[in-house]
Each structure stands twice: as structure tokens, then as C-alpha cells.
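Enquirer:
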Amino acid sequence: MKTARVCEKWDLNFNFELKSEGDRNQHDRSYLHFAAQKPDLVACKSYATEWLLKNIIDESKEYSVMEYMAGVGIQTLLIQKTFKIKNHVVNELDEGCVDHLKNTNFDVTPLVTGEDAKVLLSIDNTADLKFLDFPSSSIIRTTREWKEGFAKMFESEPKLIVWTDTSVTYPMKLHGNRYAKIMGVESINSKEEYVQSYSDWLYRTHRYSIVKAAFRHKNAVYFAAIKGKHETQMKEFKLGDTLDGFYFLDEKRISLAEFM
Ligand SMILES: C[S@@+](CC[C@H](N)C(=O)[O-])C[C@H]1O[C@@H](n2cnc3c(N)ncnc32)[C@H](O)[C@@H]1O
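Counted the way the numbering used here counts, the sequence shown spans residues 7 to 266.
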């Protein structure tokens with residue numbers, strides 16, 4: 007068994023050997039593999055998510071949670087450490103991740119399911135907090151192949167919706183015009199303009215807006231949206247500054263002392 011320390015505060019157990027799956031297609035690899043091979047990105051994700059979730063909704067209340075793409079449970083852990091949980095459903099397509107999620111001792115034992123998120127999103131769901139941690143996405147995806155499910159999440163009026171966008175991987179000059187067309191603005195020239203236009207579009211379309219946007223290094227941004235029109239706080243999390251956000255204790259890859 008391996009134990010990962012998350013945000014220098016909490017531990018997440020992995021009850022089997024995390025092994026490389028180098029022979030499989032990159033897009034076909036399990037998130038377990040990603041966690042083993044790219045702990046620096048997972049570390050960055052951990053700190054970004056911790057910040058994203060804090061101080062956006064009333065943390066004294068109890069909430070029901072639905073996670074559509076739960077991977078290895080980093081978000082699961084951070085959600086449970088931030089909010090009081092009534093019940094928690096974690097869904098994931100990858101069988102290895104499902105086994106891992108079932109065998110991890112979270113504070114609140116989640117119901118683990120192995121469905122296609124697209125199918126689950128088409129079913130009515132009344133969870134208070136909803137999480138859609140896409141492996142890759144942009145406004146193009148959320149308004150095309152994920153359009154119905156994405157819209158349905160907002161129609162169910164949860165207290166909070168969190169999702170992942172990877173459009174920032176590429177310079178905005180590459181796809182900015184396409185994003186601008188969907189969002190109904192003249193142009194999008196920077197990632198900040200992308201986030202602001204996304205939030206404005208979201209408010210016009212679903213009456214929600216993005217309260218926080220956490221940039222994970224140069225290749226993802228995590229959005230947290232709540233009802234109403236709000237200013238968006240944006241924060242960047244860089245790889246070099248966040249290496250102690252996720253590491254395996256037995257490997258001692260990184261010790262806190264190295265950062266002091
Ligand atoms: C970015 S990872 C999720 C990380 C996870 N939230 C965590 O904190 O560990 C994206 C996950 O989505 C899963 N996935 C991709 N397409 C899916 C689908 N259609 N339904 C359910 N899960 C899916 C992948 O197997 C992958 O584990």
C-alpha cells in the first residue's frame with residue numbers, strides 16, 4: 007500500500023501498486039497512472055482545488071455531493087475536508103479507479119458507481135454540489151458533445167458547480183475566435199478574457215457565474231460557479247510552487263525541508 011499526502015495535511019491511501027501503463031494510448035490511460043507519473047501536476051491540482059473550494063458557500067451547512075469523474079479521489083478528499091457532507095456519490099468510468107475509490111477510507115463513505123458521466127448527467131439529480139472534472143474540455147465541448155448534460159446540471163439549481171477546462175493549454179490566438187463566437191463577444195485574446203467571457207455567458211445562459219477560477223499550471227483551469235452574478239477571483243498555481251501538494255510518503259520524493 008502507498009500513502010499520498012495531499013496539501014501537506016491529509017492522507018490518501020492507494021491499496022495497490024501504481025504502475026506505468028506506457029504501452030497504452032495516452033488518452034486511454036487511467037488517472038491512477040497519471041497520479042503515479044505526474045505527481046507534480048496532481049500536486050498543483052490539489053492546492054488549486056483546496057483554494058477553489060474555500061469560502062464560496064456556507065461551510066456550516068450540510069450538503070449532498072455528486073462527482074461525475076472521480077479519478078483517484080483527490081477532489082473527493084478535498085470536498086470532504088472542506089464541506090460537511092450528508093451523502094457523497096463518486097462516479098468513475100475506469101475500473102482501476104473504481105476499485106481504488108471503493109477501498110479508500112474517506113471520512114464519509116461514498117457510494118461508488120462506474121457509469122458513463124454522460125448517461126448520469128442525463129438523469130435527474132438533486133445533489134447540492136456537483137463536480138465534473140473533465141480530462142479535457144472547453145466551451146466548445148460544454149456546448150456541443152456535453153451540451154445537454156452540462157445544461158441539465160445548472161437547470162437542477164445546485165448550490166455549487168465545479169468543472170475543469172483545458173482550453174488554456176493552447177494560446178488563445180489559436181481558438182480564441184471560436185470561443186468568442188460561442189460566448190457572443192468580439193474577441194478573446196487572453197485566458198483572463200476567456201474566463202470572464204465564460205462567466206458572462208454562463209450568467210446570460212444559466213443565471214450562474216464563475217466565482218473562482220484556479221489555473222493549474224499552464225494546462226487547466228478549475229471553475230467554481232454559484233447562482234447569480236458575481237465577480238470572478240482568479241489565481242494561478244504554478245508547478246514549482248506547489249510540489250508538496252501531493253507526494254507518496256514512502257518515496258520521500260519531496261520533503262518539506264527541501265522547500266524551506
Ligand atoms: C481529471 S480526471 C479526474 C480526477 C479526479 N477528480 C480526482 O480528483 O482524482 C478525469 C477522469 O474522468 C474519467 N472519465 C473520462 N470520461 C468519463 C466518462 N464519460 N464518465 C465517467 N468518467 C470519465 C477518467 O477515467 C478520469 O479518471
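Don't be surprised by glycine CBs; every beta carbon is placed ideally from N, CA and C. These numbers were taken from a predicted model, which means no experiment stands behind them.
#1: For Leu127, I'd like the list of residues in its chain whose CB is within less than 7 Å of its CB, leaving aside the five on either flank, ordered along the chain.
#2: Check whether the Cβ atoms of Val104 and Gly120 lie closer than 8 Å to each other.
#3: Please report how far the alpha carbon of Phe254 lies from the alpha carbon of Lys8, in whole angstroms.
#4: On the CB-based measure, 16 or more other CB atoms within 10 Å of its CB, does Asp250 come out buried or exposed?
#5: When you compare each of Thr148, Arg184, Ser193 and Cys50 to Lys224 by their alpha carbons, which one comes out closest?
#6: Which residue from Asp17, Asp206 and Thr148 puts its Cα closest to that of Trp169?
#7: I need the DSSP call for Ile145, collapsed to helix, strand or coil.
#8: Can you tell me the Cα-Cα spacing of Cys13 and Tyr37, whole angstroms?
#9: Am I right that Val191 and Ala219 are in contact with their C-beta atoms under 8 Å? What's the rounded C-beta distance?
#10: How would you label Tyr176, buried or exposed, when you count the other beta carbons within 10 angstroms and need 16 or more for buried?
#11: Return the residue from the list Val114, Ile216, Ile91 and Arg184 that minimises the CA-CA distance to Leu135.
Expert: With the structure as the only source:
#1: Stepping through the sequence shown from its first residue, residue 127 is reached at position 121. Excluding sequence neighbours, Leu127 sits near Tyr74, Gly155, Lys158 and Met159.
#2: Against the sequence shown, residue 104 aligns to sequence position 98. Against the sequence shown, residue 120 aligns to sequence position 114. Yes, they are a contact pair.
#3: Working through the sequence shown from its first residue, we reach residue 254 at position 248. Working through the sequence shown from its first residue, we reach residue 8 at position 2. Looking at the two C-alpha atoms, the distance is approximately 7 Å.
#4: Along the sequence shown, one-based indexing puts residue 250 at 244. With 16 or more other Cβ atoms within 10 Å, it is buried.
#5: Taking the first residue of the sequence shown as 1, we reach residue 224 at position 218. It is Cys50 whose Cα lies nearest to the Cα of Lys224.
#6: Within the sequence shown, residue 169 is the residue found at index 163, counting from 1. The shortest C-alpha separation from Trp169 is found at Thr148.
#7: Stepping through the sequence shown from its first residue, residue 145 is reached at position 139. DSSP places Ile145 within a helical segment (H, G or I) once states are collapsed to three.
#8: Taking the first residue of the sequence shown as position 1, residue 13 is located at position 7. Taking the first residue of the sequence shown as position 1, residue 37 is located at position 31. Approximately 19 Å, taken between the alpha carbons.
#9: Residue numbering aside, residue 191 sits at position 185 when the sequence shown is read from its first letter. Residue numbering aside, residue 219 sits at position 213 when the sequence shown is read from its first letter. Contact doesn't hold; Cβ gap of about 17 Å is too wide.
#10: Numbered from its first residue, the sequence shown carries residue 176 at position 170. Looking at its Cβ environment, which holds fewer than 16 other Cβ atoms inside 10 Å, Tyr176 is exposed.
#11: By one-based count along the sequence shown, residue 135 stands at place 129. Measuring from the Cα of Leu135, the nearest candidate turns out to be Ile91.
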